[in-house]
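By full-length UniProt numbering, the letter at position 25 of the sequence shown is numbered 25, and the numbering carries on one by one without gaps.
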Amino acid sequence: VATHPHADHIGGLISVLNTFQVEQIWYNGDTSSSQTYADFMAAVQLEGAEVHVARRGDSITTGDLTFIILNPLTLDGTTNNNSIVLSLSYGDIDFLFTGDAEQEAEADMLVSSIVPLLYVEILKLGHHGSRTASSPDFLAAISPETAIYMAGEGNSYGHPHEETILALFNIETDIYGTDVCGTIAVTTDGKTYEVQTEREYIVQIPPPPTTTKAPPTTTTTPPTTTTTTPPLANDVKITYIFL
């Protein structure tokens, strides 16, 4: 899935296409004049896989995995807000991947009756944890147990922004980021999930000005959920890796 044509979101897919046999490629149909986009589309053509333009309400089922496209409805926003947003469900564990979608796209999804936004266990934060995404209303609607952002250490954009981290702290979400954790892997059997990090870390979250609550820290202890759902066939596990 290529969420949108920005180089930092499609550049790595070129190696994926050159290394693995890919049966389906999903992208949003947006274009770019960058060389990275040209190289990506050349790799897509060479792969010879089925190519799909994702639109809200589309779904993908493969084995016990179900993907549902929540965004875009049409390409009428900015490049970021045209990002593919998709949910991934495996048993009772739900992921939400948001690309660079910002608050405008979040608001549009919240009022949509096509695909309701429900509780998710794992949220990949929109736009690298920027203040332009992850609105309080959006976070309240999906109530993530765990949030993961992808950002380079000491990046010039200041990602993740303090406002986003504080909003997650306020709803008691566990936070992991590639700038402080290195590679992050989430593994699930459809009943519980485990978060593993390349290195131990502490994320300092300053309290809001109106409170005296001490800054909390996140830990590498993975949260789990317990359900009464029967085990999936052969107890298959899946792992999603954030780099």
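C-beta atoms are modelled at their ideal positions from N, C-alpha and C, and glycine is treated no differently.
Original post:
Straight-line CA distance for H159 to T79?
Top reply: So the alpha carbons of these two residues sit roughly 19 Å apart.
Original post:
So what does V195 bridge to, in DSSP terms?
Top reply: V186.
Subject >> D8 versus S112, Q21 and F40, residue with shortest Cα-Cα distance >> reply: The candidate whose alpha carbon is nearest that of D8 is F40.
**OP:** Would you mind working out which of E102, T31 and F95 sits nearest Y193, comparing C-alpha positions?
**Re:** Checked all of E102, T31 and F95; the closest Cα to Y193 is F95.
Original post:
Which same chain residues, not among the five before or five after V195, have their C-beta less than 7 Å away from its C-beta?
Top reply: Cβ neighbours of V195 beyond the five flanking positions: T146, Y176, I184, V186 and P222.
**OP:** Count the CB pairs spanning the region 82-92 and the region 65-74 that are closer than 8 Å, and state whether there are at least three.
**Re:** A contact exists between the region 82-92 and the region 65-74.
**OP:** Would you grab the beta carbon distance between G91 and G190 for me? Rounded to a whole angstrom, and I think it's under 8 Å.
**Re:** Between G190 and G91 the Cβ distance is about 2 Å, and since that is below 8 Å, they are a contact.
**OP:** Alpha carbon to alpha carbon, how far is T197 from T220? Give it in angstroms, no decimals.
**Re:** Caution is warranted here: a pLDDT of 41 is assigned to T220, below 50, making its placement in the model unreliable, and the coordinate value is therefore given only provisionally. Roughly 7 Å between the two C-alpha positions.
Original post:
Opposite I25 in the DSSP bridges: which residues?
Top reply: Looking at the DSSP output, I25 bridges to V51.
**OP:** Using the DSSP secondary-structure output, state which residues sit across from K237 in a beta bridge.
**Re:** Paired residues: none, contrary to the question.
**OP:** Could you spell out where the alpha helix (DSSP H) holding D108 opens and where it closes?
**Re:** Counting along the chain, the alpha helix (DSSP H) containing D108 begins and ends at Q103 to V111.
Subject >> Paired residues, beta bridge with Y90 - DSSP >> reply: The beta-bridge partner set that DSSP reports for Y90 consists of L65 and I93.
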